[in-house]
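Read through the structure below, which is laid out as structure tokens, and then see the notes.
Residue numbers (the numbering used here), protein chains in the order written: chain A, 135 to 341; chain B, 1193 to 1285.
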């Protein structure tokens, strides 16, 4: 897989992990708060692993780019401090990510394929968590509406050739896709906050 | 529902009580317990038990102070020495 596509995956994981971590301390139940935060951290861990594959300096890759240089899909940028939407995104993202990671396990580069397998083993628990919520909320109108609203964004997570599978898994009709490559207005404020500490200290600062 | 969580640190070791999770059903309990009691690699297995399934036993009658049923404070060393002396085997070991 080419580096730009891998960077897209890493950026998705970083930004979705960052967004989900916004729930730390304010989730609807304490138990879910702990689980959700832990999953968010795992996602950031996956981003780190892919950045390490792409660069000698994963921190620079994570934090020293301009917002427009990030390769993430618009789905993960959305600031969704509403539980139905958050769970809808979590579920859609996990379904899309599973399809993408499964394909990546067959990558001709054994290092990439190996990392994909490693990530996949951890994602299995994320999927379990997301499916559990989906099973519970699938018939709730508020959740259905959130899934439908985010669906065009979810399609943008996977490349064209994998979208058929995503359509089949989610069971919604194909619609106009919010493609990767452009950013929502919500990325810039996230970037401001995410990189504030990094930008406050000159490069090479020792902590 | 509250589930009591028991965790096993290594294969073959006994499960020990780790804490509890409050969850609407067993699947949520599993997902949450995995994150709370397993995400740092501190467990190789968990048992989840609905608190209602636990029979609580805590009252013990000890009206007659039957100390001889307990071994605490019973010094076997001195008695063994005495017995050996009586049998004439003292110093053999």
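All C-beta atoms in this analysis are idealised placements derived from N, C-alpha and C, irrespective of residue type, glycine included.
8 Å Cβ cutoff met for residue i and residue j
| i | j | result |
| --- | --- | --- |
| residue 1263/B | residue 1225/B | no |
| residue 1243/B | residue 1195/B | yes |
| residue 201/A | residue 322/A | yes |
| residue 174/A | residue 159/A | no |
| residue 226/A | residue 288/A | yes |
| residue 311/A | residue 286/A | yes |
| residue 247/A | residue 240/A | yes |
| residue 276/A | residue 181/A | no |
| residue 300/A | residue 309/A | no |
| residue 284/A | residue 222/A | yes |
| residue 170/A | residue 332/A | no |
| residue 215/A | residue 177/A | no |
| residue 253/A | residue 335/A | no |
| residue 213/A | residue 327/A | no |
| residue 266/A | residue 1219/B | yes |
| residue 1208/B | residue 1236/B | no |
| residue 234/A | residue 330/A | no |
| residue 1240/B | residue 1210/B | no |
| residue 257/A | residue 232/A | yes |
| residue 189/A | residue 1227/B | no |
Endpoints, the beta strand (DSSP E) within which residue i is located
| i | result |
| --- | --- |
| residue 1274/B | Segment 1268 to 1279 is the alpha helix (DSSP H) holding residue 1274/B; no beta strand (DSSP E) there. |
| residue 1241/B | 1237 to 1242 |
Chain B within 8 Å of residue i, Cβ atoms only
| i | result |
| --- | --- |
| residue 169/A | yes |
| residue 165/A | yes |
Whole-angstrom C-beta distance between residue j and residue i, which should lie under 8 Å
| i | j | result |
| --- | --- | --- |
| residue 290/A | residue 314/A | 5 Å |
| residue 140/A | residue 211/A | With 8 Å as the limit, residue 140/A and residue 211/A do not qualify as a contact, their Cβ atoms being about 19 Å apart. |
| residue 306/A | residue 274/A | Not quite, the Cβ-Cβ distance comes to about 16 Å (not below 8 Å), so this is no contact. |
| residue 1199/B | residue 1229/B | 5 Å |
| residue 187/A | residue 148/A | The Cβ separation is near 14 Å, so there is no contact. |
| residue 206/A | residue 146/A | 5 Å |
| residue 263/A | residue 1223/B | 5 Å |
| residue 195/A | residue 204/A | Not confirmed; about 10 Å, so no contact. |
Min CB distance residue i to chain A below 8 Å
| i | result |
| --- | --- |
| residue 1226/B | yes |
| residue 1243/B | no |
| residue 1256/B | no |
| residue 1262/B | no |
| residue 1223/B | yes |
| residue 1247/B | no |
Extent of the continuous alpha helix (DSSP H) to which residue i belongs
| i | result |
| --- | --- |
| residue 287/A | 275 to 289 |
| residue 1205/B | Looking at the DSSP string, residue 1205/B is not in any alpha helix (DSSP H), and its letter there is neither H nor E. |
| residue 253/A | 244 to 271 |
| residue 301/A | 297 to 304 |
| residue 209/A | 208 to 211 |
| residue 172/A | 164 to 188 |
| residue 334/A | 330 to 334 |
| residue 197/A | 192 to 197 |
| residue 1247/B | Careful: residue 1247/B lies outside any alpha helix (DSSP H) and carries neither H nor E. |
| residue 137/A | 137 to 155 |
| residue 238/A | 217 to 238 |
| residue 1230/B | 1218 to 1230 |
Check: residue i C-beta below 7 Å from any heavy atom of the ligand MG
| i | result |
| --- | --- |
| residue 1276/B | No copy of the ligand MG appears in this structure; indeed no ligand is present at all. |
Residue i at chain C interface by Cβ criterion, 8 Å
| i | result |
| --- | --- |
| residue 1225/B | The chain labelled as chain C is not found among the protein chains of the depicted structure, namely A and B. |
- [ ] With 7 Å as the limit, tell me which residues of the region 255 to 271 of chain A have their beta carbon closer than that to any beta carbon of chain B; keep them in chain order.
- [x] If the cut-off is 7 Å between Cβ atoms, the region 255 to 271 of chain A has 259, 262, 263, 266 near chain B.
- [ ] Below 7 Å between beta carbons is the criterion; list the residues of the region 1195 to 1217 of chain B that meet it against any residue of chain A, in chain order.
- [x] 1213, 1214, 1215
Task: Contact list for the region 170 to 186 of chain A against chain B, Cβ threshold 9 Å - done: Legend: CB atoms of the region 170 to 186 of chain A lying less than 9 Å from CB atoms of chain B belong to residues 170, 171, 172, 173, 175, 176.
Task: Contacting positions in the region 1270 to 1284 of chain B - beta carbon closer than 8 Å to chain A - done: none
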